[in-house]
Amino acid sequence: MRQLLLISDLDNTWVGDQQALEQLQQYLGDRRGDFYLAYATGRSYHSARELQKQVGLMEPDYWLTAVGSEIYHPEGLDQHWADYLSEHWQRDTLQVIADGFEALKPQSPLEQNPWKISYHLDPQACPTVIEQLTETLAETGIPVQVIFSSGKDVDLLPQRSNKGNATQYLQQHLAMEPFQTLVCGDSGNDISLFATPSRGVIVRNAQPELVQWYEQRREPRHYWAQSSYAGAILEAIAHFDFFS
Numbered sequence: 003m004r005q006l007l008l009i010s011d012l013d014n015t016w017v018g019d020q021q022a023l024e025q026l027q028q029y030l031g032d033r034r035g036d037f038y039l040a041y042a043t044g045r046s047y048h049s050a051r052e053l054q055k056q057v058g059l060m061e062p063d064y065w066l067t068a069v070g071s072e073i074y075h076p077e078g079l080d081q082h083w084a085d086y087l088s089e090h091w092q093r094d095t096l097q098v099i100a101d102g103f104e105a106l107k108p109q110s111p112l113e114q115n116p117w118k119i120s121y122h123l124d125p126q127a128c129p130t131v132i133e134q135l136t137e138t139l140a141e142t143g144i145p146v147q148v149i150f151s152s153g154k155d156v157d158l159l160p161q162r163s164n165k166g167n168a169t170q171y172l173q174q175h176l177a178m179e180p181f182q183t184l185v186c187g188d189s190g191n192d193i194s195l196f197a198t199p200s201r202g203v204i205v206r207n208a209q210p211e212l213v214q215w216y217e218q219r220r221e222p223r224h225y226w227a228q229s230s231y232a233g234a235i236l237e238a239i240a241h242f243d244f245f246s
């Protein structure tokens with residue numbers, strides 16, 4: 003029986019300190035039959051696989067890619083999740099509206115998918131652009147959410163789609179409870195992970211938007227690690243005593 007569902011962001015969480023990453027993966031490799039592993043990333047599936055080759059990521063059981071808008075298992079794309087997100091989603095209409103904001107520059111075509119529209123925010127843009135975009139999109143009545151992270155990444159997703167909702171879908175699929183789950187992240191697009199009832203670790207090197215969110219709540223199930231990157235995950239596994 004698996005003791006843990008480990009769900010982690012990649013960039014600046016699992017990845018960022020190669021020595022800590024190798025220590026974490028060696029520790030987990032010795033216990034591979036005791037947990038499920040899923041990477042929850044803003045990257046596309048293609049980009050995440052490229053990163054896996056570059057830094058030697060251990061093979062997960064699941065990939066929650068493109069900010070949770072796609073779920074991949076060993077057989078490929080999870081079609082049930084895709085169908086669930088597709089209900090009432092009007093991608094073309096939303097893209098036309100967002101493209102009208104000059105401060106938003108489309109990301110690479112590889113970072114777009116049927117359930118995710120991604121932009122980079124011009125660093126010189128007015129701070130209220132995200133608020134204006136959110137209000138304009140809300141007027142359409144289409145169930146859409148705007149996720150802003152790392153001070154530059156802007157993602158438009160179905161209201162049902164984010165890392166947290168994808169995590170809860172996976173928990174139901176695997177019959178794993180929140181207390182058996184550890185979520186790990188560093189930025190704004192990880193907030194939905196920590197909004198679930200699961201236990202969570204925020205890396206010491208987290209972005210200001212996630213630290214602010216944490217400090218406003220200070221939930222006992224959340225742990226702001228002393229370590230950064232993968233070292234924080236090892237620290238949290240010990241803190242929550244998952245493999246006792």
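With the numbering used here applied, the sequence shown covers 3 to 246. For every residue, glycine included, the Cβ atom is placed at its ideal position computed from N, Cα and C.
Among Tyr74, Gly153, Val69, which has the Cα closest to the Cα of Pro160?
Val69
Among Phe103, Ile9, Val156, Asp80, which one has its Cα closest to the Cα of Glu113?
Minimum Cα distance to Glu113 is reached at Val156.
Secondary structure of Ile73, DSSP reduced to three states:
strand
Along the chain, where does the beta strand (DSSP E) containing Val146 start, and where does it finish?
Residues 146-151.
Which residues bound the beta strand (DSSP E) around Arg219?
No beta strand (DSSP E) holds Arg219; the alpha helix (DSSP H) holding it covers 210-219.
Measure the CB-CB distance between Leu7 and Tyr29 and report whether it falls below 7 Å.
no
Helix, strand or coil for Lys154 per DSSP?
coil
Just to confirm, is the Cβ distance from Ser189 to Ser152 under 7 Å?
yes
If the criterion is Cβ atoms closer than 7 Å, does the pair Val146 and Leu96 meet it?
yes
In the DSSP assignment, what are the bridge partners of Ile204?
Partner(s): Gly187, Trp226.
With three or more beta-carbon pairs closer than 8 Å as the criterion, would you say the region 46-61 touches the region 102-121?
yes
Would you mind giving the Cβ-Cβ distance between Asp36 and Arg4, rounded to the nearest angstrom? I have them listed as a contact below 8 Å.
Contact between Asp36 and Arg4 is confirmed by a C-beta separation of about 6 Å, below the 8 Å threshold.
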